[in-house]
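To start, the structure itself, in structure tokens.
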Amino acid sequence: MALFSSSTRHIPPSAQMPAHVAVIMDGNGRWAKKRFLPRVAGHAKGVELVREMVRACLERKIRYLTLFAFSSENWRRPQDEVTLLMQLFVKALEQEVTKLDRNGVRLRVVGDLSRFEPRLQALIRDAEARTETNTALELTIAANYGGRWDIMQAVNQLAQAMPDKQGNWEEGDIEPYLSMHFAPEPDLFIRTGGEERISNFLLWQLAYSEFYFTPTLWPDFDTAEFDKAIASFQQRERRFGRTSEQLTGQTDA
Ligand code: IPE
Ligand code: IPE
Ligand code: MG
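Residues in the sequence shown are numbered consecutively from 414, following our numbering.
Listed below in structure tokens is the structure:
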């Protein structure tokens, strides 16, 4: 019974465009270092690539794009870099939201926002409210986000909501409380920058995503690179535990 209630029982076809792409945008620091620039120059360039990626998703009718911008572990970086990253986030919200709105993009920010300064929190709330009725693309920025934090905050909410069912909770019970509850699980997960790890990103939701790792640094990850990732995804056979023959209809499913 438990097997068949798994959230991964539905098989989305991979020959099509992914409906949801999740990205760890890594390599900004190294991109800057190669050019003898300060790390923050890499982050600034990275914002431009976010713009390009949003455009590419709109053109390709990819419905959900989720970007890891700042992890719960990134507070461990030098104070200067953290401050500059926050300033960049504020600037991006101030400058981009009108354009996002005009293009039908709904913006959400997921993560523990309580640690951000009040001005940034207000900008986030305002951007989310302004774009809330848009449907062309659901752009989610994960900021001060950690996959373990997400699961724990969901469990805590569930414990409040369904105390009587404790000990018998099922996968479907927790899902409404996870930060990404509004989106299907990512079809395609991309990490740029050469590292092949999840770094505490969407732990629950990546259970059956297709992974694509590239050494290309995020500031170099342009539309052509994105299309390579999509082409790789479209070659994959997503089996979700079944056999290849079951999927191609060669045997009874
Ligand atoms: C990713 O680039 C952006 C953030 C984590 C904010 P990095 O800053 O991690 O770049 P590298 O890995 O040092 O090159
Ligand atoms: C992961 O990148 C988080 C973001 C891209 C925001 P990091 O570069 O911080 O990851 P680790 O710590 O090297 O794995
Ligand atoms: Mg990095």
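We put the CB at the ideal spot given by N, CA and C, even for glycine.
Burial state of Phe634, where buried means 16 or more other Cβ atoms lie within 10 Å: In the assembly as shown, Phe634 is a buried residue. Its beta-carbon has 16 or more other beta-carbons within 10 Å.
What is the C-beta distance between Leu506 and Ala556, in whole angstroms, given that I count them as a contact (C-beta under 8 Å)? Wrong, their Cβ atoms sit about 11 Å apart, outside the cutoff.
Using a 10 Å radius around the Cβ and a threshold of 16 neighbouring Cβ atoms, would you call Pro531 buried or exposed? That one is exposed.
The alpha helix (DSSP H) with Leu526 in it runs from where to where? Per DSSP, Leu526 belongs to no alpha helix (DSSP H) and is neither H nor E.
Beta-ladder partner(s) of Arg519, from DSSP: Assignment of beta-bridge partners to Arg519 by DSSP yields Glu551.
Tell me the DSSP secondary structure of Ser657 in three-state form. Reduced to three states, the DSSP call for Ser657 is helix.
Flag Met466 as yes when its Cβ comes closer than 7 Å to any non-hydrogen atom of ligand 2, and as no otherwise. When distances are taken from the beta-carbon of Met466 to the heavy atoms of ligand 2, even the shortest one reaches 7 Å or more.
Taking just the CA atoms, how far does Ala549 sit from Arg473? Looking at the two C-alpha atoms, the distance is approximately 11 Å.
Nearest to Pro628 by CA position, among Thr605, Glu638, Asn613, is which residue? Cα-wise, what sits closest to Pro628 is Thr605.
Under the three-state DSSP convention, the category Leu591 falls into: In the structure shown, Leu591 sits in coil (DSSP, three-state: anything other than H, G, I, E or B).
Measuring alpha carbon to alpha carbon, tell me which residue in Asp514, Arg515, Leu513, Gln534 is nearest Val523. For the residues Asp514, Arg515, Leu513, Gln534, the minimum Cα distance to Val523 belongs to Gln534.
Within a Cβ cutoff of 6 Å, which residues of the same chain sit near Phe481, ignoring the five residues on either side of it in sequence? Cβ within range, chain order: Ile437, Ala555, Phe614.
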